Structures are given as C-alpha cells and as structure tokens.
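Peer 1:
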Amino acid sequence: MDWFVANSVTMVNGIALGAVLFIVAIGLSLVFGTMDVLNLAHGSIALIGAYVGVAVLGGGASSALSFAAVLVAALVGLLAGVLLAVLTTSVRDHLRQAMLTLGVAMIVGDLLLMVFGGDVKTVPPPPALAGSVPFLGAPYPVYRLVLIGVGLVVGIGLWLLLEKTTIGAVVRATVNDRGMVEAIGVRTRLVLAGVFGGGAALAAVGGLIASPLMGAQPGNDNLMLVYALVIVVIGGLGSLKGAAVGALLVGEVQTVGVALLSGYASFLMFAVMAAILLIKPAGLLPSKHGHGGGH
1 MDWFVANSVT MVNGIALGAV LFIVAIGLSL VFGTMDVLNL AHGSIALIGA YVGVAVLGGG
61 ASSALSFAAV LVAALVGLLA GVLLAVLTTS VRDHLRQAML TLGVAMIVGD LLLMVFGGDV
121 KTVPPPPALA GSVPFLGAPY PVYRLVLIGV GLVVGIGLWL LLEKTTIGAV VRATVNDRGM
181 VEAIGVRTRL VLAGVFGGGA ALAAVGGLIA SPLMGAQPGN DNLMLVYALV IVVIGGLGSL
241 KGAAVGALLV GEVQTVGVAL LSGYASFLMF AVMAAILLIK PAGLLPSKHG HGGGH
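If you use the UniProt record's numbering, the sequence shown closes out at 295, no skipped numbers anywhere.
1) Going straight from the alpha carbon of A169 to that of E163, what length do you get?
2) Figure out for me which residue from A138, F116 and L268 has the closest Cα to the Cα of G215.
3) From the DSSP output, in three-state form, read off K121 for me.
4) I need the straight-line Cα distance from R187 to V175, nearest angstrom please.
5) From H295 to L161, what does the alpha carbon distance come to, in whole angstroms?
6) DSSP three-state call for A216: helix, strand or coil?
7) So, helix, strand or coil for P127, using DSSP?
8) Using 8 Å for Cβ pairs, my map puts A61 next to L147. What's the rounded Cβ distance?
9) Look up S44 in the DSSP assignment and say whether it is helix, strand or coil.
10) Buried or exposed for V9, please, with buried defined as at least 16 other CB atoms from any protein chain shown within 10 angstroms of its CB.
11) What is the DSSP secondary structure of P286, reduced to helix, strand or coil?
12) For the ligand GDP, I want to know if T10 counts as a neighbour, meaning its beta carbon is within less than 7 Å of at least one of the ligand's heavy atoms.
13) CB G27 to CB E252, shorter than 8 Å?
14) Can you tell which of S90, L65, G246 and I48 has the C-alpha that lies nearest to the C-alpha of M35?
15) Count the other CB atoms, across all protein chains shown, that sit within 10 Å of the CB of N39; report buried if there are 16 or more and exposed otherwise.
16) So what's S62 in DSSP terms, helix, strand or just coil?
17) Within its chain, find whatever has a CB closer than 7 Å to the CB of V82; leave out the 5 residues flanking it on each side and keep chain order.
18) What is the DSSP secondary structure of V91, counted as helix, strand or coil?
19) In its own chain, which residues sit with a C-beta less than 6 Å from the C-beta of G257, not counting the 5 before and 5 after it?
20) Kindly list the residues whose CB is nearer than 6 Å to the CB of P218, restricted to its own chain and excluding five residues on each side of it in sequence; keep chain order.
21) Tell me the DSSP secondary structure of V175 in three-state form.
22) Can you tell me whether DSSP reads S132 as helix, strand or coil?
23) Look at the Cβ atom of A200, then the Cβ atom of L84, and state whether they are nearer than 8 Å.
24) When the Cα of R178 is compared with those of G137, V191 and A105, which residue comes out closest?
25) Using the DSSP secondary-structure output, state which residues sit across from A73 in a beta bridge.
26) What separation, rounded to the nearest whole angstrom, lies between the Cα atoms of V272 and I184?
27) Could you tell me which of V72, G53 and L47 sits nearest to A105, measuring between CA atoms?
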C-alpha cells in the first residue's frame with residue numbers, strides 16, 4: 001500500500017510539472033509555428049517571470065501580491081515578446097534567428113545575475129495555497145493541484161481563443177496566407193507581434209508559477225528552454241494538443257526518472273524523444289494548419 005501511495009504521488013507530481021511546462025512550452029510552439037521564428041530567449045523570459053516573483057513576493061506572499069506578481073510577469077513577458085518580434089521581423093534564416101535570440105538570452109541572463117546574484121531564491125506560494133490536503137491517506141500540497149487546474153484552464157482557454165474566435169481565425173489565416181490577409185486590410189505585423197507577445201507572456205507566467213517548485217536561479221532559463229524544445233518536438237510544431245501531450249509525457253518521465261533513477265532522468269527524457277521521433281518524425285500530434293496556428 002505504501003508503494004502504491006508513493007508512486008501515485010509521484011505520478012501526480014509529474015502531472016503538476018507537466019502543467020507548468022505546458023504553459024511555458026505552448027508559447028514557444030505558437031511563436032515558432034505561427035511566425036517561423038526560433039526563439040532561444042524563451043527560457044530567459046520564463047526566468048524573468050521567476051525573478052518577478054522574487055521581487056514582488058520576496059518580503060512575504062499574500063493573495064493580493066501573488067495576483068499582482070502574475071500581472072507584472074505577464075506584462076513584462078508581453079513587452080519582451082513584442083521587442084523580440086521587432087528584432088526578428090527581418091530575420092528569416094533560422095540560424096540567424098537562433099544566434100540573435102541566443103545573444104539576447106545571454107544578455108538577459110547576465111543582467112539577472114547582476115541584479116539578483118547567483119544564489120537560489122525561493123518564492124513562496126500564495127498563503128491560501130500553501131497547505132496540504134489528504135490524498136490516498138497522505139498529505140499532498142494544494143499548490144501542485146492548483147497548478148494542474150491552471151494548466152487545464154490555460155489549455156482550454158487557448159483552444160477556445162484560437163478555434164472559436166475572430167482573433168483565432170485571423171491568426172490561422174495569417175499563418176496560411178499572409179499576403180491574402182494583408183490584401184483585405186489586416187496588419188499582419190501587429191498580429192504576429194501579438195502572438196509573439198502572448199507566447200512570451202505565457203512563458204513569464206509559467207516561470208513565475210513554477211518558481212515555488214523550482215526556485216529562481218541562474219541556469220533555470222536553459223533548463224526551461226530545453227524542456228520547451230523537447231515538448232515542442234515530441235508534440236509537433238504549432239500544435240496545442242501536441243504541446244499538452246508532450247508536456248505531460250515530459251513531466252512524468254522527468255518526475256519518475258528523478259524518483260527512480262535520479263542520475264539518468266535527463267537521459268530518459270531524450271531517449272523518449274528519440275524513440276517518438278523514430279516512429280513519428282513530425283511529432284505525436286503535428287498541426288494541420290501549415291506552420292502552426294497552435295492547434
């Protein structure tokens with residue numbers, strides 16, 4: 001029975017991690033799938049979100065401050081995404097995009113190191129979510145359960161936005177035929193900048209809500225970027241459903257791997273990715289709308 005409880009808790013931990021990684025990764029998937037921009041600064045934006053938590057909640061968390069931290073992280077991420085969209089507008093070569101955004105990531109990392117130092121910073125969850133609830137006879141953190149719920153809400157909200165609204169129709173049309181959309185008077189640069197900003201805002205919020213679990217420290221930006229890239233590759237470029245499946249798979253493999261084979265968790269994650277690509281080179285659920293559109 002103890003074995004069953006312990007493994008069940010580990011599996012739920014994997015779902016919670018997967019929910020956070022989904023929020024970060026879907027931004028990268030949307031930007032790459034929609035704008036065809038390889039943004040290697042995506043993990044840095046997630047780390048900025050974590051340090052927003054340090055700055056806002058470092059003196060002690062409250063419900064009001066936690067809500068404010070989410071708003072600040074989303075705004076900072078949005079502005080960073082729009083800036084990156086401007087920087088990469090005329091850069092269509094993926095290698096040049098990678099070099100440009102990697103340079104931005106290195107600058108951001110150094111600036112964060114100067115401001116916050118190299119120590120691990122802890123970020124408290126909201127007081128209302130700091131307790132535990134019974135789960136199979138053992139206490140389980142409320143905050144991790146809330147993360148699962150947040151991941152579900154974000155996923156459903158994005159699906160509704162992209163599939164059931166005019167905004168989503170414009171984004172899909174821009175992906176499939178940018179020239180035609182421009183011909184009817186839509187400013188596609190604003191559409192693409194909005195997608196980039198929205199994806200970056202999701203990354204910053206994902207980094208913030210992950211910080212009570214992972215802390216805020218130099219190196220987490222690279223870790224988040226690797227997770228996001230693996231999720232996008234596993235799920236399929238520009239696919240919302242694929243990102244969700246990939247994030248859950250990575251979350252479970254990483255969590256179970258750390259619990260059972262702590263020294264080989266990362267190896268297992270890449271082994272799973274390689275095995276999937278051998279069977280389905282385009283990913284598990286690739287987008288059916290050209291480069292992306294996020295579905």
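Even for Gly, the Cβ is constructed at its ideal location relative to N, Cα and C. Every value quoted in this text rests on a predicted model; they were computed, and no experiment measured them.
Peer 2: Short version:
1) 7 Å
2) That would be F116, whose Cα lies nearest to the Cα of G215.
3) strand
4) A straight-line Cα-Cα distance of about 13 Å links R187 and V175.
5) Because the pLDDT at H295 is just 39, under 50, the model does not fix this residue reliably, and the point stays unresolved.
6) strand
7) Here P127 sits in helix by DSSP.
8) Not a contact, Cβ separation roughly 16 Å.
9) helix
10) buried
11) P286 falls in the coil class under three-state DSSP.
12) In the structure on display, the ligand GDP does not appear, and there are no ligands present to speak of.
13) no
14) Between M35 and the set S90, L65, G246 and I48, the nearest pair of CA atoms involves S90.
15) buried
16) In this structure, S62 counts as coil in the three-state DSSP scheme.
17) Spatial neighbours of V82 in its own chain (CB-CB distance under 7 Å, excluding positions within 5 residues in sequence) are listed in chain order as A193, F196 and G197.
18) coil
19) A265 and L268
20) L113 and G118
21) Of the three classes helix, strand and coil, the one that applies to V175 here is helix, per DSSP.
22) Strand, per DSSP.
23) yes
24) V191
25) Note: A73 sits in no beta bridge, so no partner.
26) 45 Å
27) L47
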